[in-house]
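The structure appears below as structure tokens.
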Amino acid sequence: MAHIAVPEGIPGIRSLVMFRPETGKHLYDLAQILLRDPSPLSAAEREPIATHVSARNDCTFCMSSHAAAARVLGHRLATVGYVLPQNPTK
Amino acid sequence: MAHIQLPEGLPGIRGPMAFRPETAQPLNHLAEVLLRSENTLSRGERELIATYVSYLNDCFFCQNAHGGITQYYLGCDLEQMDKIKTDPESAPLSDKLKALLRIAGSVQKGGKYVTFDQIEKAKSLGATDLEIHDTVLIAAAFCMFNRYVDGLGTSAPEDRMFYVNRGKARAEEGYANYNPYQ
Numbered sequence: 004m005a006h007i008a009v010p011e012g013i014p015g016i017r018s019l020v021m022f023r024p025e026t027g028k029h030l031y032d033l034a035q036i037l038l039r040d041p042s043p044l045s046a047a048e049r050e051p052i053a054t055h056v057s058a059r060n061d062c063t064f065c066m067s068s069h070a071a072a073a074r075v076l077g078h079r080l081a082t083v084g085y086v087l088p089q090n091p092t093k
Numbered sequence: 010m011a012h013i014q015l016p017e018g019l020p021g022i023r024g025p026m027a028f029r030p031e032t033a034q035p036l037n038h039l040a041e042v043l044l045r046s047e048n049t050l051s052r053g054e055r056e057l058i059a060t061y062v063s064y065l066n067d068c069f070f071c072q073n074a075h076g077g078i079t080q081y082y083l084g085c086d087l088e089q090m091d092k093i094k095t096d097p098e099s100a101p102l103s104d105k106l107k108a109l110l111r112i113a114g115s116v117q118k119g120g121k122y123v124t125f126d127q128i129e130k131a132k133s134l135g136a137t138d139l140e141i142h143d144t145v146l147i148a149a150a151f152c153m154f155n156r157y158v159d160g161l162g163t164s165a166p167e168d169r170m171f172y173v174n175r176g177k178a179r180a181e182e183g184y185a186n187y188n189p190y191q
């Protein structure tokens, strides 16, 4: 259970964005620009950076959701595995 | 010298914001909502949370820039500000704010360091869910800002009065239409 009364059954950051859309909007805007808007790095190259940092921070939700995004963008399972922890706690 | 070629003569976060205005915009809008929009926590209390976390992250620019703004709101001098940063438990602050600062201090170590007991303590002292949410997000956001400023190797004036003297103007100007060149 979360520390505050966020909407039921909604995982991770989505529950927080729903709780406080005034801040959530800017967080999502930042993520859109950083991870998807035009850049010399492709979106497929940028998602693993987010995945890797989230893995190092031991944040299951962020690591898993960005790993999934990396795969959707064309990475094979094995490649994404390189940025994930070798012995995950969960 | 910064790790990348930034516009000349802009200290701290101003160089990176001038370099990449596209990302500066949501960062500044986030700061505006978190630190200045209508809230049951005062602007001074929120700037203090930002300053405290920046102090814990040892980010010279951020703790002094926001320290100067906090000083303006709270009406304290540099020596008092330093005492609050190094020993918030002994500072003349409300019990609720001290409980929120403990939560912010935990977030600085890592999100999972926030304990159920810290949350319950803050709630027992009157902290609302919104106040707790914003405390955690201010702390998390400033961990990001601190890493942004230091990660790119930016430099900043060493004279701490530079930031104190700018405190009032920065408090009044806000973040929404922030121009890093000024």
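First to last, the sequence lines map onto chains A and B.
Counted the way the working numbering counts, the first sequence spans residues 4 to 93.
Counted the way the working numbering counts, the second sequence spans residues 10 to 191.
Positions of the beta carbon are idealized from the N, C-alpha and C atoms, including for glycine.
Tell me the rounded alpha-carbon separation between Arg59(A) and Leu87(A). 8 Å
Could you tell me whether the Cβ atoms of Ala11(B) and Leu161(B) are closer together than 9 Å? yes
Would you grab the beta carbon distance between Leu19(A) and Gly27(A) for me? Rounded to a whole angstrom, and I think it's under 8 Å. About 7 Å separates the beta carbon of Leu19(A) from that of Gly27(A), a gap short enough to meet the 8 Å contact definition.
Cutting at 6 Å between CB atoms, please list the residues of its own chain near Gly176(B), excluding the five before and the five after it. The beta carbon of Gly176(B) lies closer than 6 Å to those of Gly77, Ile78, Gln80, Tyr81 in the same chain, with the five residues before and after it left out.
Three-state secondary structure (DSSP) at Thr63(A)? helix
Exposure of Ile22(B), with buried meaning 16 or more beta-carbon neighbours within 10 Å: buried
Per DSSP, what kind of secondary structure is Gly77(B) in: helix, strand or coil? Gly77(B) falls in the helix class under three-state DSSP.
Can you find a CB in chain A that lies within less than 9 Å of the CB of Leu7(B)? Residue numbering for chain B in the displayed model covers 10 to 191; residue 7(B) lies beyond these limits and cannot be assessed.
Does the CB of Ala27(B) have a neighbour CB from chain A at under 9 Å? no
So Val145(B) and Val116(B) are supposed to be a Cβ contact under 8 Å. How far apart are they, rounded? 5 Å
With a cut-off of 9 Å, does the C-beta of His38(B) fall near any C-beta of chain A? yes
Test: Glu25(A) CB closer than 9 Å to a CB of chain B: yes
What does a CB cutoff of less than 6 Å around Asn196(B) pick up in its chain, not counting 5 residues either side in sequence? Only positions 10 to 191 of chain B appear in the structure, and residue 196(B) is not among them; the question remains open.
By DSSP, does Tyr184(B) sit in helix, in strand, or in coil? coil
State yes or no: is the beta carbon of His55(A) nearer than 9 Å to at least one beta carbon in chain B? no
Can a CB atom of chain B be found closer than 9 Å to the CB of Ala71(A)? No, its Cβ sits nowhere closer than 9 Å to a Cβ of chain B.
So, with DSSP's three-state summary, where would you put Cys68(B)? Coil, per DSSP.
Could you have a look at Gly120(B) and say whether DSSP puts it in helix, strand or coil? Looking at Gly120(B) - three-state DSSP - the assignment turns out to be helix.
Using the C-alpha atoms, what's the distance from His38(B) back to Ala165(B)? 23 Å
CB of Met90(B) to nearest heavy atom of the ligand FAD: below 8 Å? This structure simply doesn't include the ligand FAD, nor any ligand for that matter.
Among the residues of its own chain, which have a CB less than 7 Å from the CB of Ala136(B), if the five just before and after it don't count? Answer for Ala136(B): Lys105, Ala108, Leu109, listed in chain order.
Would you kindly work out how many angstroms separate the C-alpha atoms of His55(A) and Arg79(A), rounded to a whole number? Going from the Cα of His55(A) to the Cα of Arg79(A) covers about 15 Å.
Delimiting residues of the alpha helix (DSSP H) encompassing Arg39(A): Premise fails: Arg39(A) is in no alpha helix (DSSP H) and is neither H nor E.
Output yes or no for whether 9 Å exceeds the beta carbon distance between Tyr61(B) and Ala113(B). yes
Using a Cβ cut-off of 8 Å, which residues of the stretch 34–46 of chain A contact any Cβ in chain B, in chain order? Going along the stretch 34–46 of chain A in chain order, one finds Ile36, Leu37, Asp40 with a Cβ nearer than 8 Å to chain B.
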